Amino acid sequence: MLSLNIRPLIRDEFVRFGEVIEINGVKSHSINEGTTERYHDLANVDVSDRKGKALINIFRGQPRPQPIEIRMMERHPIGSQAFYPLQPHDYLIVVADKVGFPNPSDLHAFRATGMQGVSYRKNIWHHPLLVIVPNHDFLVIDRGGPGENLEEHFFEEIEGSAVLRV
3 MLSLNIRPLI
13 RDEFVRFGEV
23 IEINGVKSHS
33 INEGTTERYH
43 DLANVDVSDR
53 KGKALINIFR
63 GQPRPQPIEI
73 RMMERHPIGS
83 QAFYPLQPHD
93 YLIVVADKVG
103 FPNPSDLHAF
113 RATGMQGVSY
123 RKNIWHHPLL
133 VIVPNHDFLV
143 IDRGGPGENL
153 EEHFFEEIEG
163 SAVLRV
C-alpha cells in the first residue's frame, strides 16, 4: 500500500488538474452601491458538450474511516466539476496525473482550506469527496444532460491502493 504525501492546495501546483477557487489574491470590484465586493470569473464551467447544462447541487460529505484507503478514481469526460465548501473546514483532494487509467503511483494528494474550492477540468481523474468533519456541505457545479459524464476506475488487486493519513 502506497502512502500519499498530502500537500497544501496551491494554485501553481494544481493547475494541470483544474483551477483553485479562492478570493485570496484575486482582484475584486465594488457593486450594489458599495455594499458588496464581487470576485469575478474565478473558474471556468465547461458543460456545453453534447447540449449539456450547468447543474447547481449541494453535496453533504461524511468522513471515511482512518486511514483513508484510495481504491478507485473517477472522471467526467464531457464536463467540468467544481466544489466549494460551505463551512470553513479543511478537506482532502486526490487527483491523478494520467490520461489513461491511473494506478496508485499516479496519485497526488492536497489539503484544501475551508476557503478554497476546486474545479476539475474535463477528463481529470479524481477521488470522490474526501471530508474530515461530519456533515461537510459543498456547493457543486457540474454537468447535466445527454451523454454519460461519469467514468470510474477501481484499482486492480495487483496495482494495490494508496492510503491517506490525516
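This note's numbering puts the first residue of the sequence shown at 3, with every later residue one more than the last.
Yeah, the Cβ is synthetic: ideal placement off N, Cα and C, and Gly gets one too.
Because the structure is a prediction, the values reported are computed rather than measured.
- For Val49, the number of other beta carbons within 10 angstroms of its own is at least 16, and it is reported as buried.
- In this structure, DSSP gives Pro10 an extended state, which the three-state scheme calls strand.
- Excluding the 5 residues flanking it on each side, Phe16 has same chain C-beta neighbours closer than 6 Å at Val22, in chain order.
- By the C-beta criterion, the stretch 143-151 is judged not to be in contact with the stretch 88-102, since fewer than 3 inter-stretch pairs fall below 8 Å.
- Distance between Gln89 and Asn137, taken at the CA atoms: about 10 Å.
- Classified as exposed, Arg40 has fewer than 16 neighbouring CB atoms from the shown chains inside 10 Å of its CB.
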